[in-house]
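>
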Amino acid sequence: MQLYTTSLTSYNRLNTVPVKVGDLTIGGNAPLRIQTMTTFDTMDTVKTVEQSIRCIEAGAELIRITAPSKTEAENLLNIRNEIRKRGYKTPLVADIHFTPNAAEIAARIVEKVRVNPGNYADKKKFEFIEYTDQDYQEEIDRIRDRFLPLIKICQEYGTAMRIGTNHGSLSDRIMSRYGDSPMGMVESAMEFLRIARSENYHQIVLSMKSSNPLVMVQAYRLLIKTMQDEFNLVYPLHIGVTEAGDGEDGRIKSAIGIGTLLEDGIGDTIRVSLTEDPEFEIPVCRDIVSRYISKKSGSGILPVDKIPYSPFDYKRRKTQSVYNIGSGHVPVIIADYMHESPITRESLIRIGYDYDAITDKWKIGDAAADYIYSGDKIPDFDLPGTCKVICNYETWKSLEGRKTIAGEEKYFPVFFKGQAGNASHWSKTMNFLSLDAAQSGFDELMACYKKLTGLVICLYSTNENPVLDTRRFMIELMNRNLDIPVILAVECRETTIDRQLIHFAVETGALLTDGMGDGIWLINDPEKMENKRVSGRTYLAAKNNHQFLNNTAFSILQAARTRISKTEYISCPSCGRTLFDLQETTAKIRSVTSHLKGLKIAIMGCIVNGPGEMADADFGYVGSGPGKITLYKGKEVMKRNVNSETAVDELVSLLKEHNEWIEPEFHHVVNVDL
Ligand code: SF4
6 MQLYTTSLTS YNRLNTVPVK VGDLTIGGNA PLRIQTMTTF DTMDTVKTVE QSIRCIEAGA
66 ELIRITAPSK TEAENLLNIR NEIRKRGYKT PLVADIHFTP NAAEIAARIV EKVRVNPGNY
126 ADKKKFEFIE YTDQDYQEEI DRIRDRFLPL IKICQEYGTA MRIGTNHGSL SDRIMSRYGD
186 SPMGMVESAM EFLRIARSEN YHQIVLSMKS SNPLVMVQAY RLLIKTMQDE FNLVYPLHIG
246 VTEAGDGEDG RIKSAIGIGT LLEDGIGDTI RVSLTEDPEF EIPVCRDIVS RYISKKSGSG
306 ILPVDKIPYS PFDYKRRKTQ SVYNIGSGHV PVIIADYMHE SPITRESLIR IGYDYDAITD
366 KWKIGDAAAD YIYSGDKIPD FDLPGTCKVI CNYETWKSLE GRKTIAGEEK YFPVFFKGQA
426 GNASHWSKTM NFLSLDAAQS GFDELMACYK KLTGLVICLY STNENPVLDT RRFMIELMNR
486 NLDIPVILAV ECRETTIDRQ LIHFAVETGA LLTDGMGDGI WLINDPEKME NKRVSGRTYL
546 AAKNNHQFLN NTAFSILQAA RTRISKTEYI SCPSCGRTLF DLQETTAKIR SVTSHLKGLK
606 IAIMGCIVNG PGEMADADFG YVGSGPGKIT LYKGKEVMKR NVNSETAVDE LVSLLKEHNE
666 WIEPEFHHVV NVDL
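For the sequence shown, the numbering used here gives the first residue as 6, with consecutive numbering after it.
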C-alpha cells in the first residue's frame with residue numbers, strides 16, 4: 006500500500022474487512038453502497054416509514070433513523086415491523102448521540118447502530134483540560150465501561166456498528182490533546198475501535214465527516230494509514246461531507262470530498278448530506294457512484310516512487326508568479342467562449358461583468374471570471390479592467406500592435422500541440438501551453454519550457470483515469486522542481502447539469518484538495534446538455550451555459566477553500582430532531598445574506614447537536630425549542646430562544662452589531678436569465 010491507498014496511479018478499490026448489516030455486505034468485494042437518513046420525528050411512525058420507502062425505491066440500500074432517547078429507540082420496532090410488513094428488507098440504522106441507553110435498545114431492534122465517539126460517553130462542555138497520561142487512561146477506562154454493554158448486545162444480536170466521528174463534535178478530551186485536527190478525528194474513532202477489537206467485535210464501519218472537504222479527505226487517509234499500521238487491515242469506510250448544504254453548493258462540496266476519496270478507491274458506502282428531502286440525495290449518490298461501477302484500473306500511468314507533498318496536510322504547491330497566476334494569487338477562472346459568436350458586452354454578464362451603457366462603466370461582481378478563452382475571435386469593445394483574453398496563437402500573432410490596451414497587455418496566446426516548439430513570437434508577460442498529460446505532454450513541455458517566458462500550463466488528460474494521470478504529471482513537476490503554474494482544464498461530455506457538476510467537482514477538486522492547481526478552465530458542449538431546474542432555477546442549457554460554468558467554477562474553488570467569493574452556508578441535512586423547516590429557513594437566510602462574501606453561517610436543526618457540529622462557522626442559527634431559535638457568534642450564545650418569526654431579522658441585527666453586515670448591491674451574477 007502507498008501511504009493510504011493501494012496505488013496512486015491505477016484505480017483499485019481499497020481492500021477492507023467485509024461487514025454484514027442484515028443481508029447486506031459493506032466492504033470486502035461488495036459494491037459501493039448508497040444510504041441516507043430520514044428527517045421526520047422518529048415518533049411519527051407513518052411518516053418515517055413512508056419516507057424510508059421513498060428513499061428505498063429511489064435506490065437507498067440502508068436507511069438511518071435518529072434515536073435521541075429511549076422512547077424513539079423503542080419506536081424503531083414499530084417502524085421496522087411496518088417496513089418489513091410492506092415487503093422491504095433494507096437494513097435500518099439507528100443514529101445515536103449522547104444516549105448509550107437508547108443505543109442499547111436500538112441495537113436489539115435494527116441491523117446497525119451509529120455512535121458518535123465525540124459524545125457517546127461525554128457531554129461536551131467546550132472545556133480545555135490538561136490531561137496527564139494517567140488522567141487520559143482513566144478517561145479511556147471510563148469510556149470502555151460505558152461502551153462495553155453496547156458491544157455485548159451487538160455481538161449477541163449480530164448488529165453492526167458505525168463509529169462515526171464528526172469534525173465538529175470531538176470530545177473535550179480529544180480537543181484538549183489533539184485540537185480539532187484530522188489526527189484528533191482519527192484518534193477519537195480509534196479509542197472506540199481498539200475497545201471493540203479487544204472484545205473480538207469486528208462488525209464495524211467507520212466515518213470521518215467534516216463540512217470542510219479538505220479536512221474530511223485528510224482524516225480518512227490518516228485513518229486508513231493508522232488502521233493499516235496498527236492492525237494490518239482496514240475496516241470499511243462510510244464516506245460523506247457533513248452539513249454540505251443544498252443546491253449546487255451541497256452537490257459540489259459532497260462530490261469534491263467523496264469523489265477525491267473514490268478516485269483513490271477509498272470508500273465502501275456513501276451518503277450525500279443535503280439540506281433537501283432525503284430521497285433527493287439518492288440520485289446524487291447514484292451519479293457519483295456510477296463513475297466507478299465499471300472503472301478500469303487504468304493504463305499507461307507510470308508508478309510513483311516518491312510523493313513530494315503530504316496527503317495528510319494541505320499545502321498549496323509552490324509555483325512562480327506569472328502575471329496574476331500562481332504563487333500567492335488565488336486560483337483564476339477561465340471562461341470558455343470558444344463557442345460564443347460574436348462575443349458581446351451582454352454575453353459577459355453571465356460571467357460576472359455588468360456593463361452600464363449610460364455611465365459607460367463596468368460593474369465587476371465577486372464571482373467574475375478572470376480570463377475568457379476566445380479561440381480565434383477578438384472582442385470589438387473595451388473589456389472590463391480585470392478581464393483578459395486568451396486566444397489561439399496564430400490569431401494572437403495577427404493582432405500585432407493591438408495586444409495592449411492603455412499600456413496594459415490584454416491578449417495572451419495559447420499554444421496547442423506542436424506549436425510552441427516552432428513559435429516565432431510569444432508574449433513577454435505570459436504564454437499558455439495546452440498539454441495532454443496522457444499524450445507525451447511532459448516531453449512537449451521539456452522541449453519548450455526554457456524558450457517561453459511566463460509559462461502557464463493548461464493541463465488535461467485523455468487517459469481513462471484523468472485525475473490520476475494529471476496528478477502524476479503534477480508530481481513529476483514537483484519532483485523536478487519545475488514551479489510552472491498549472492491551470493486544470495477539464496472537459497465534460499455528460500448531458501445533465503447534475504452529472505456535469507459532479508464531473509467538474511471531482512476532476513478539479515481531487516487535485517485542489519492536494520494543493521495542485523492555480524486555476525480552472527471548465528469546458529462542455531452546451532448543445533448536448535438537457536435543460537434542468539437546479540435549486541429552483543431553470544438552466545436553459547445552451548442559453549445559460551456560461552453562467553452555469555462560471556458559478557460551478559467559483560463554487561468548486563470555494564468548496565476547496567482556495568478562493569472565497571460568496572457566503573458559506575453550513576446547514577445540517579435535518580433529521581427527527583429538527584425543530585423548524587430547515588429548507589425554507591435556509592432559503593430565507595440565504596436570500597438576505599448571500600452577498601456577505603466569506604462569512605460562514607451555520608443553520609442547524611437542533612440545540613443538542615447543532616452547536617457542536619457547526620464546526621468553524623462565524624455565526625449560528627440553531628433550533629432550541631418549538632418556534633424558538635438561539636443565535637450564536639462562533640460557539641458563544643448571543644441571543645437565546647428568539648421567536649422563530651423574527652429570528653432572521655435578529656440574525657441580521659447581530660451581524661450589524663458585529664460589523665459583519667454590508668448593504669446588498671451588485672456582487673455576483675447568479676440569477677440572471679438573459
Ligand atoms: S444538527 Fe440537524 S441533523 Fe444533526 S441532530 Fe440536530 S437536527 Fe439532526
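For glycine and all other residues, C-beta sits at the position ideal for the given N, C-alpha and C. For clarity, every value in this text was computed on a predicted model and none was experimentally measured.
Just the C-alpha distance for N664 and L554, rounded to the nearest angstrom, thanks.
One-based indexing of the sequence shown puts residue 664 at position 659. One-based indexing of the sequence shown puts residue 554 at position 549. Distance between the alpha carbons of N664 and L554: 33 Å.
> Can you tell me the Cα-Cα spacing of R256 and C453, whole angstroms?
As a position in the sequence shown, residue 256 is number 251, starting the count at 1. As a position in the sequence shown, residue 453 is number 448, starting the count at 1. Cα to Cα, R256 sits roughly 40 Å from C453.
> Among T95, L404, H508, N549, whose alpha-carbon lies nearest the alpha-carbon of G357?
Within the sequence shown, residue 357 is the residue found at index 352, counting from 1. Of the listed residues, the one whose Cα sits closest to G357 is N549.
> Please state the DSSP three-state secondary structure of L238.
Residue 238 sits at position 233 when you count from the first residue of the sequence shown. Of the three classes helix, strand and coil, the one that applies to L238 here is coil, per DSSP.
> Distance, Cα to Cα, R645 vs G514?
The count along the sequence shown starts at 1 and reaches residue 645 at position 640. The count along the sequence shown starts at 1 and reaches residue 514 at position 509. Their backbone Cα atoms lie some 38 Å apart in a straight line.
> Can you find a heavy atom of the ligand SF4 that lies under 8 Å from the Cβ of S579?
Residue 579 sits at position 574 when you count from the first residue of the sequence shown. Yes, the Cβ of S579 comes within 8 Å of a heavy atom of the ligand SF4.
> For the ligand SF4, is there any heavy atom lying closer than 8 Å to the beta carbon of C611?
Locating residue 611 in the sequence shown gives position 606, counting from the first residue. Yes - the ligand SF4 has a heavy atom lying nearer than 8 Å to the Cβ of C611.
> Which partner residues does T409 have in the DSSP bridge list?
If you number the sequence shown from 1, residue 409 lands on position 404. Bridge partners of T409: E414.
> Can T71 be considered in contact with the ligand SF4, in the sense that its beta carbon sits closer than 8 Å to one or more heavy atoms?
Locating residue 71 in the sequence shown gives position 66, counting from the first residue. For the ligand SF4, at least one heavy atom lies less than 8 Å from the Cβ of T71.
> Determine the extent of the alpha helix (DSSP H) in which Q13 is found, giving its start and end residues.
Residue mapping note: residue 13 aligns to position 8 of the sequence shown, counting from 1. This sequence places Leu at residue 13; Gln is not what is there. Neither: L13 is in no alpha helix (DSSP H) and is coded neither H nor E.
> Could you tell me which of C159, S15, Y225 sits nearest to N171, measuring between CA atoms?
Position 166 of the sequence shown, counted from the start, is the residue given in the question as residue 171. When each option's Cα is compared against that of N171, the closest is Y225.
> Runs of 3 residues minimum, wholly inside the stretch 499–579: which ones carry the beta strand (DSSP E) assignment?
The stretch 499–579 contains these whole beta strand (DSSP E) runs: 524–529, 537–539, 542–544, 573–576.
> What are the complete beta strand (DSSP E) segments, minimum 3 residues, inside the stretch 195–220?
Correct list: 209–214.
> Check whether the Cβ atoms of K258 and A564 sit closer than 9 Å, and answer yes or no.
Here residue 258 refers to the residue found at position 253 of the sequence shown. Here residue 564 refers to the residue found at position 559 of the sequence shown. Their beta carbons are under 9 Å apart, which means K258 touches A564 by this criterion.
> Assuming M166 and V115 make a contact with CB atoms under 8 Å, what is their CB distance in whole Å?
Along the sequence shown, one-based indexing puts residue 166 at 161. Along the sequence shown, one-based indexing puts residue 115 at 110. Contact flag wrong, Cβ pair sits at about 11 Å.
> Suppose you measure from the CA of D488 to the CA of G331; what does that come to, to the nearest Å?
Position 483 of the sequence shown, counted from the start, is the residue given in the question as residue 488. Position 326 of the sequence shown, counted from the start, is the residue given in the question as residue 331. Distance between the alpha carbons of D488 and G331: 9 Å.
> If you draw a straight line from the alpha carbon of C577 to that of H430, how long is it in whole angstroms?
In the sequence shown, counting from the first residue as 1, residue 577 sits at position 572. In the sequence shown, counting from the first residue as 1, residue 430 sits at position 425. Each residue's alpha carbon lies about 55 Å from the other.
> Helix, strand or coil for D654 per DSSP?
For the purposes of this step, residue 654 is taken as the residue at position 649 of the sequence shown. D654: helix per DSSP, three-state reduction.
> Answer yes or no: do L82 and V26 have a C-beta to C-beta separation smaller than 9 Å?
Numbered from 1 along the sequence shown, position 77 holds the residue referred to as residue 82. Numbered from 1 along the sequence shown, position 21 holds the residue referred to as residue 26. No. Outside cutoff.
> Among residues of its own chain, excluding the 5 on either side of K605, which ones have a beta-carbon nearer than 7 Å to its beta-carbon?
The count along the sequence shown starts at 1 and reaches residue 605 at position 600. Counting only Cβ-Cβ distances below 7 Å, and skipping sequence neighbours, we find E573, I575, D621, A622, D623.
> Could you tell me if the beta carbon of E253 falls within a distance shorter than 8 Å of some heavy atom in the ligand SF4?
Position 248 of the sequence shown, counted from the start, is the residue given in the question as residue 253. Every heavy atom of the ligand SF4 is 8 Å or more from the Cβ of E253, so no.
> Relative to the C-alpha of G406, which candidate in S432, M42, P389 has its C-alpha closest?
Locating residue 406 in the sequence shown gives position 401, where the first residue counts as 1. For G406, the nearest C-alpha among the options comes from S432.
> Identify the residues that DSSP records as bridge partners of S439: which are they?
By one-based count along the sequence shown, residue 439 stands at place 434. In the DSSP output, where bridge partners are listed per residue, S439 has C463.
> Indicate whether the contact test is met: 3 or more Cβ pairs, each with one atom in the stretch 332–352 and one in the stretch 378–385, closer than 8 Å.
Output reads yes: the stretch 378–385 touches the stretch 332–352.
> Under 8 Å, with one C-beta from each stretch per pair, do the stretch 458–470 and the stretch 438–446 reach the 3-pair mark?
Enough Cβ pairs lie closer than 8 Å, so yes.
> Rounded to whole angstroms, what's the CA-CA distance from V22 to I39? Just pull it up for me.
For this step, residue 22 is matched to residue 17 along the sequence shown. For this step, residue 39 is matched to residue 34 along the sequence shown. Approximately 18 Å between the Cα atoms of the pair.
> What number of angstroms, rounded off, separates the C-alpha of E284 from the C-alpha of T247?
Here residue 284 is taken as the residue at index 279 of the sequence shown, counted from 1. Here residue 247 is taken as the residue at index 242 of the sequence shown, counted from 1. Using only the alpha carbons, I get a separation of about 17 Å.
> From L198 to T590, what distance separates their C-alpha atoms?
Here the question's residue 198 lines up with position 193 in the sequence shown. Here the question's residue 590 lines up with position 585 in the sequence shown. If you take the alpha carbons of L198 and T590, they lie about 38 Å apart.
> Could you check whether the Cβ of H102 sits closer than 8 Å to any heavy atom belonging to the ligand SF4?
As a first step, residue 102 must be located in the sequence shown, where it is residue number 97. At least one heavy atom of the ligand SF4 is nearer than 8 Å to the Cβ of H102, so yes.
> For R38, report the span of its beta strand (DSSP E) as first-last.
Residue 38 sits at position 33 when you count from the first residue of the sequence shown. Its beta strand (DSSP E) spans residues 38–42.
> Can you give me the C-alpha to C-alpha distance between P490 and T475, rounded to a whole angstrom?
What you label residue 490 is simply residue 485 of the sequence shown in a count that begins at 1. What you label residue 475 is simply residue 470 of the sequence shown in a count that begins at 1. If you take the alpha carbons of P490 and T475, they lie about 14 Å apart.
> Could you tell me the alpha carbon to alpha carbon distance between L388 and E618, rounded to whole angstroms?
Sequence index remark: in the sequence shown, residue 388 carries index 383 (1-based). Sequence index remark: in the sequence shown, residue 618 carries index 613 (1-based). Answer to the nearest angstrom: the Cα atoms are 45 Å apart.
> Would the beta-carbon of V495 fall within 9 Å of that of K593?
Within the sequence shown, the letter at position 490 stands for residue 495. Within the sequence shown, the letter at position 588 stands for residue 593. No, the Cβ-Cβ distance between V495 and K593 is not below 9 Å.
> Hey, out of S216, I271, T231, whose CA is closest to L279's CA?
Position 274 of the sequence shown, counted from the start, is the residue given in the question as residue 279. Checking every option, the nearest Cα to that of L279 belongs to S216.
> Which whole-angstrom value is the C-beta distance of T47 and G581, which I expect to be below 8 Å?
As a working note, residue 47 is residue 42 in the sequence shown. As a working note, residue 581 is residue 576 in the sequence shown. With 8 Å as the limit, T47 and G581 qualify as a contact, their Cβ atoms being about 4 Å apart.
> Would you kindly check if the distance between the Cβ of I561 and the Cβ of K602 is under 9 Å?
On the sequence shown, position 597 is the one that residue 602 refers to. On the sequence shown, position 556 is the one that residue 561 refers to. The answer is no: Cβ separation not under 9 Å.
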